[in-house]
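Worksheet: one structure, shown below.
Protein chains: 2
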Amino acid sequence: MRGKESRAPGGTAPEGYDKYAFEPFAVTVDLAVLTVRAGALQVLLVERGQEPYAGRWALPGGFVLPHESAEAAARRELAEETGLSDLSGLHLEQLRTYSEPDRDPRMRVVSVAFAALLPDPPEPRGGGDAAQAQWLRFNALGPLAFDHDRILADAHERVGAKLEYTCLATSFCPPRFTLGELQQVYETVWGTALDRPNFRRKVLATPGFVEQVPGAARLTGGRGKPAALYRAGDAKALHPPLLRPSSEGRP
Amino acid sequence: MRGKESRAPGGTAPEGYDKYAFEPFAVTVDLAVLTVRAGALQVLLVERGQEPYAGRWALPGGFVLPHESAEAAARRELAEETGLSDLSGLHLEQLRTYSEPDRDPRMRVVSVAFAALLPDPPEPRGGGDAAQAQWLRFNALGPLAFDHDRILADAHERVGAKLEYTCLATSFCPPRFTLGELQQVYETVWGTALDRPNFRRKVLATPGFVEQVPGAARLTGGRGKPAALYRAGDAKALHPPLLRPSSEGRP
DNA sequence: CTGACTATGGTCAGTACGACTATAAAGGGG
DNA sequence: CCCCTTTATAGTCGTACTGACCATAGTCAG
Numbered sequence: 023m024r025g026k027e028s029r030a031p032g033g034t035a036p037e038g039y040d041k042y043a044f045e046p047f048a049v050t051v052d053l054a055v056l057t058v059r060a061g062a063l064q065v066l067l068v069e070r071g072q073e074p075y076a077g078r079w080a081l082p083g084g085f086v087l088p089h090e091s092a093e094a095a096a097r098r099e100l101a102e103e104t105g106l107s108d109l110s111g112l113h114l115e116q117l118r119t120y121s122e123p124d125r126d127p128r129m130r131v132v133s134v135a136f137a138a139l140l141p142d143p144p145e146p147r148g149g150g151d152a153a154q155a156q157w158l159r160f161n162a163l164g165p166l167a168f169d170h171d172r173i174l175a176d177a178h179e180r181v182g183a184k185l186e187y188t189c190l191a192t193s194f195c196p197p198r199f200t201l202g203e204l205q206q207v208y209e210t211v212w213g214t215a216l217d218r219p220n221f222r223r224k225v226l227a228t229p230g231f232v233e234q235v236p237g238a239a240r241l242t243g244g245r246g247k248p249a250a251l252y253r254a255g256d257a258k259a260l261h262p263p264l265l266r267p268s269s270e271g272r273p
Numbered sequence: 023m024r025g026k027e028s029r030a031p032g033g034t035a036p037e038g039y040d041k042y043a044f045e046p047f048a049v050t051v052d053l054a055v056l057t058v059r060a061g062a063l064q065v066l067l068v069e070r071g072q073e074p075y076a077g078r079w080a081l082p083g084g085f086v087l088p089h090e091s092a093e094a095a096a097r098r099e100l101a102e103e104t105g106l107s108d109l110s111g112l113h114l115e116q117l118r119t120y121s122e123p124d125r126d127p128r129m130r131v132v133s134v135a136f137a138a139l140l141p142d143p144p145e146p147r148g149g150g151d152a153a154q155a156q157w158l159r160f161n162a163l164g165p166l167a168f169d170h171d172r173i174l175a176d177a178h179e180r181v182g183a184k185l186e187y188t189c190l191a192t193s194f195c196p197p198r199f200t201l202g203e204l205q206q207v208y209e210t211v212w213g214t215a216l217d218r219p220n221f222r223r224k225v226l227a228t229p230g231f232v233e234q235v236p237g238a239a240r241l242t243g244g245r246g247k248p249a250a251l252y253r254a255g256d257a258k259a260l261h262p263p264l265l266r267p268s269s270e271g272r273p
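Residue numbers (my numbering), protein chains in the order written: chain S, 23 to 273; chain A, 23 to 273.
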């Protein structure tokens, strides 16, 4: 549009658009909310109570309201779904838009998908007018409703790729974290094991990725030598990137 | 939506949606069509004939029809705009969706933006019911209509980044090309000069990036030693990536 | 005290990359 | 026809990065 108003389907609208000269679309957002918990990649899902796909798991989401952008709708839905009032430290990123005409059997729905990363996963709040949201392990998910399998796969791929060349991994971590926790984020998302000394060397050699918390604070959680605490630096990109092993060697 | 039908704005629609229980959105596509021509990055633009932004350049695009996906709409609009019947060798990639409520002063328009790369730029066809599309140099563009400056900047950034770790550059080249042409794609999009022997070594060392045309075909265009011809290989990703110089050294 | 466990520090060789020099093959101008 | 410009291609060399290791330090469970 905009280059050629006359192309509006259903009629010509030379000056202002005729609001109903074209088929209206419902615009929604779908959220792939990821976290690393208990050493596994987990996703926030809701159980559908109605047809179609009753009983199946689906990504949380909802309609975009007339006065808000898709980003605002995503933040609002996420707050409602998780009950998380403070969305600081949240990474929310637009994935892509899914617009196949038959993706919702009831009507034409165009959905803008987002990937969101949470550091410390709060239990989804119970109070709500709809099905309860729950964290489920990314592996061993049955088929989801609609095209949500594809959305989730795209989100996983995107996050995995961005770990390589951005500092995104810190978005999975609490404000203070150890390098072991950071490494576990990489290993969990990528599904591979990394060499610990090499990972450490690489992260510390990247200026602005992490910075050590000055007051020699140390986390004593379980056994083993206590680890130094770090917080996220101000860098956004990783140069050179931290490539995942699976994508490098090709014997 | 889909997790909680009751959240449809404007009313509850327990089973099927009430088609007009929510504010309808117009859904459009906007195309950032890029090519490398005459040693410069060029963009396909149309001149607006009507308010708002009359006389300004805008990205080509149009409404998504009720029965087609955004991708299909993008292909259709591109064919109409360029008159290019064969869209083989075309790279079309969804960029992101722009949904700010006030991005079009007339009404609520949600636009799915695409980046398209053309190898050999055909002159845009004259026949059409709207303003003529033209190739303009990416530099020295005045402000575009709507938020199209931002869309174009995002497209440029995305393409520049994907040159680093994918084989996308071949999408800017004709079916047979020399390594010099391929290098010029990188230099034009990135706006930097590259060392020729090093570029050559890197490209040839990446398996599946390009493969030499067997029948010692050589292009004799201008002066200098004739160059060997190559075609795109079957690889999609570059490992390790070909990083642009600007993003590496940071003195 | 001992052993398991984790964090941290270091070595070493293979590889990739930037900067650079050299050679080959064409056309143009005298 | 010779020389010079132009472009393609080949190779060299030192530095930086990386993967695969080995070694040490600090804490907890028994």
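All residues carry an ideal CB built from backbone N, CA and C; glycine is no exception.
At the C-beta level, residue 136 of chain S and residue 115 of chain S come within 9 angstroms of one another. For residue 53 of chain A, the secondary structure class from DSSP, reduced to helix, strand or coil, is strand.
Setting aside the 5 residues that flank it on each side, residue 50 of chain A is surrounded in the same chain by 83, 84, 85, 86, 131, 133, each with a C-beta closer than 7 angstroms to its C-beta; the list follows chain order.
Rounded to the nearest whole angstrom, the CA to CA distance from residue 139 of chain S to residue 256 of chain S is 18 angstroms.
Within chain S, the residues 47, 49, 121, 132 have their CB atoms less than 8 angstroms from the CB of residue 49 of chain A, given in chain order. Burial of residue 266 of chain S is indicated by the presence of at least 16 other C-beta atoms within 10 angstroms of its C-beta. The beta carbon of residue 92 of chain S falls within 9 angstroms of a beta carbon belonging to chain A, placing the residue at that interface. Residue 73 of chain S counts as exposed, since fewer than 16 other C-beta atoms from the protein chains shown sit within 10 angstroms of its C-beta. Contact annotation: residue 192 of chain A and residue 204 of chain A have beta-carbon atoms nearer than 9 angstroms. Shown here for residue 121 of chain A: same chain residues with a beta carbon closer than 8 angstroms to its own, the five before and five after excluded, namely 132, 133 in chain order. For residue 222 of chain A, no chain S residue has a C-beta closer than 8 angstroms to its own C-beta; the minimum C-beta separation is roughly 21 angstroms. Rounded to the nearest whole angstrom, the CA to CA distance from residue 252 of chain A to residue 93 of chain A is 30 angstroms. Shortest Cα-Cα distance from residue 195 of chain A to any of A:215, A:61, A:224 involves A:61.
Against chain A, the CB of residue 261 of chain S has a partner CB under 9 angstroms away; the residue lies at that interface.
Under the Cβ criterion of 9 angstroms, residue 88 of chain S is counted among the residues facing chain A. In the structure shown, residue 194 of chain S falls within a helical segment according to DSSP collapsed to helix, strand and coil. Between the beta-carbon of residue 231 of chain S and that of residue 189 of chain S there is about 5 angstroms, and that keeps the pair under the 8 angstroms contact cut. Under the Cβ distance rule, residue 116 of chain S counts among the residues neighbouring chain A, one pair being separated by less than 9 angstroms. If you draw a straight line from the Cα of residue 81 of chain A to the Cα of residue 63 of chain A, it comes to about 15 angstroms.
In this structure, DSSP gives residue 62 of chain A an extended state, which the three-state scheme calls strand. Secondary structure note for residue 131 of chain S: its beta strand (DSSP E) is the uninterrupted segment 131-139.
For residue 119 of chain S, the uninterrupted beta strand (DSSP E) segment begins and ends at 113-120.
Counting only the Cα atoms, residue 184 of chain S lies some 11 angstroms from residue 258 of chain S.
Just measuring C-alpha positions, the residue of S:175, S:103, S:169, S:179 sitting nearest residue 123 of chain S is S:169.
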